[in-house]
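In our numbering, the protein residues as written are 6 to 295.
Ideal Cβ positions, reconstructed from N, Cα and C, are used throughout, including at glycine.
Data first, discussion second: the structure below is written as structure tokens.
Structure below.
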């Protein structure tokens, strides 16, 4: 035990140490359960279907690495292959998340920093959009998207332009606490409203922007219901794995299912491996505050 660790424990009471120990054990168990599920998925993907049925928690007698090659042939939906589903996932999740965060940030900035009639109603509208159940709007929303020609079209990405979501509240709170002095200083130097936002205010929100972007991207990457409703002819990888899981009852290829599930997990794992500091960091303001 290092001197720093000893000093840390010496400043805590026995009750505090006990509470921290219990919390550590609980979260360690949760972390282990997640890692075990991932490990079990990897091991199952390297077994045969018969081995999985006979002993779901056993180890493979022979490592079936060929299962990952079969994924590219068997994991198809509506004549859409595995690689095309990966492309659809990247298109709708990455570009969609960027469009969503860009429009949300811009809307929050305008409604927070500019005074005009109706500006204060946007937070209320955001709350309504968050709490409004899908079964109350789903039919009308589908009819609207269908009439606009967005269903089963790559133009569906345009529905990401919105702004009235829970992320609006994050950006609104950020810009509300960001001093107007930055904009005033830029305006003195001759900057217009667009330059103030894109060159002065937006760069200060990049930590928040990219943190929320990654969360939205992760949500969209795993999205299933949206793909089933609006993009059945342009299936994403999550939809493909979901539909293939339903078909495994007849195909008897759970090994391919688990291989597809693990391949679907790789991008989020890489995201956390390389961007975990952004995802887990606190978003705080620097400089002048109001």
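Exercise. So who's on the other strand from residue 205, going by DSSP bridges?
Worked result: Bridge partners of residue 205: none, in fact.
Exercise. Can you tell which of 147, 129, 237 has the C-alpha that lies nearest to the C-alpha of residue 83?
Worked result: 237
Problem set entry | Residue environment, residue 30, which counts as buried when at least 16 other CB atoms sit within 10 Å | exposed
Problem set entry | residue 82 - partner residues in DSSP beta bridges | 85
Problem set entry | Span of the alpha helix (DSSP H) around residue 39 | 19 to 50
Exercise. If you count every other CB in all the chains shown that lies within 10 Å of the CB of residue 106, and 16 or more means buried, which is it?
Worked result: buried
For this session: Indicate the three-state DSSP secondary structure (helix, strand or coil) for residue 251 in the structure shown.
Result: helix
Problem set entry | residue 65 vs residue 51 beta-carbon contact at 8 Å | Contact flag set, yes.
For this session: May I have the straight-line CA-CA distance separating residue 37 from residue 45, to the nearest angstrom?
Result: 12 Å
Exercise. How about residue 173 and residue 131: do their beta carbons lie closer than 8 Å?
Worked result: yes
Problem set entry | Residue from 96, 91, 202 with nearest C-alpha to residue 114 | 202
Problem set entry | Euclidean distance between Cα positions of residue 89 and residue 209 | 37 Å
For this session: Let me know the secondary structure DSSP gives residue 62 once reduced to three states.
Result: coil
Exercise. What distance in whole Å lies between the Cβ atoms of residue 185 and residue 118, which are believed to be in contact at a cut-off of 8 Å?
Worked result: 7 Å
Exercise. Should residue 4 be labelled buried (16 or more other beta-carbon atoms within 10 Å of its own) or exposed?
Worked result: Any answer about residue 4 is impossible in this case: the structure gives the chain only from 6 up to 295.
For this session: Quick one: residues in its chain with C-beta nearer than 7 Å to the C-beta of residue 290, no 5 flanking neighbours on either side, listed in chain order?
Result: Only weak support exists for where residue 290 lies, its pLDDT of 48 falling under 50; the value from the coordinates is given anyway. These residues qualify, in order along the chain: 182, 183.
Exercise. Residue 93: buried (16+ other C-beta within 10 angstroms of its C-beta) or exposed?
Worked result: buried
Problem set entry | CA nearest to the CA of residue 95, picked from 245, 222, 231 | 222
For this session: From the DSSP output, in three-state form, read off residue 72 for me.
Result: helix
Exercise. Hey, would you say residue 104 sits closer than 8 Å to residue 165, going by beta carbons?
Worked result: Yes, they are a contact pair.
Exercise. In terms of residue numbering, what span does the alpha helix (DSSP H) encompassing residue 225 cover?
Worked result: 211 to 226
For this session: Under 8 Å by Cβ, that's how I've got residue 57 and residue 252 pegged, so tell me the actual separation to the nearest angstrom.
Result: No, residue 57 and residue 252 are not in contact; Cβ-Cβ is about 16 Å, not under 8 Å.
For this session: Could you check if residue 269 is buried or exposed, using at least 16 other CB atoms within 10 Å of its CB as the buried criterion?
Result: buried
Exercise. Contact check, residue 40 vs residue 265 under 8 Å by CB: the rounded distance?
Worked result: With a Cβ gap of about 20 Å, residue 40 and residue 265 do not count as contacting.
Problem set entry | residue 281 (DSSP reduced to helix, strand or coil) | Assignment of residue 281 by DSSP, reduced to helix, strand and coil, places it in the helix class.
For this session: Quick one: residues in its chain with C-beta nearer than 7 Å to the C-beta of residue 294, no 5 flanking neighbours on either side, listed in chain order?
Result: With a pLDDT of only 48 at residue 294, under 50, the local geometry of the prediction cannot be trusted, and the value read off the model is given with reservation. Around residue 294: 182, 184.
For this session: Kindly give me the distance between the Cβ atoms of residue 244 and residue 233, rounded to whole angstroms, as I take these residues to be in contact under 8 Å.
Result: Their Cβ separation, rounded to whole angstroms, is 6 Å, which keeps residue 244 and residue 233 in contact under 8 Å.
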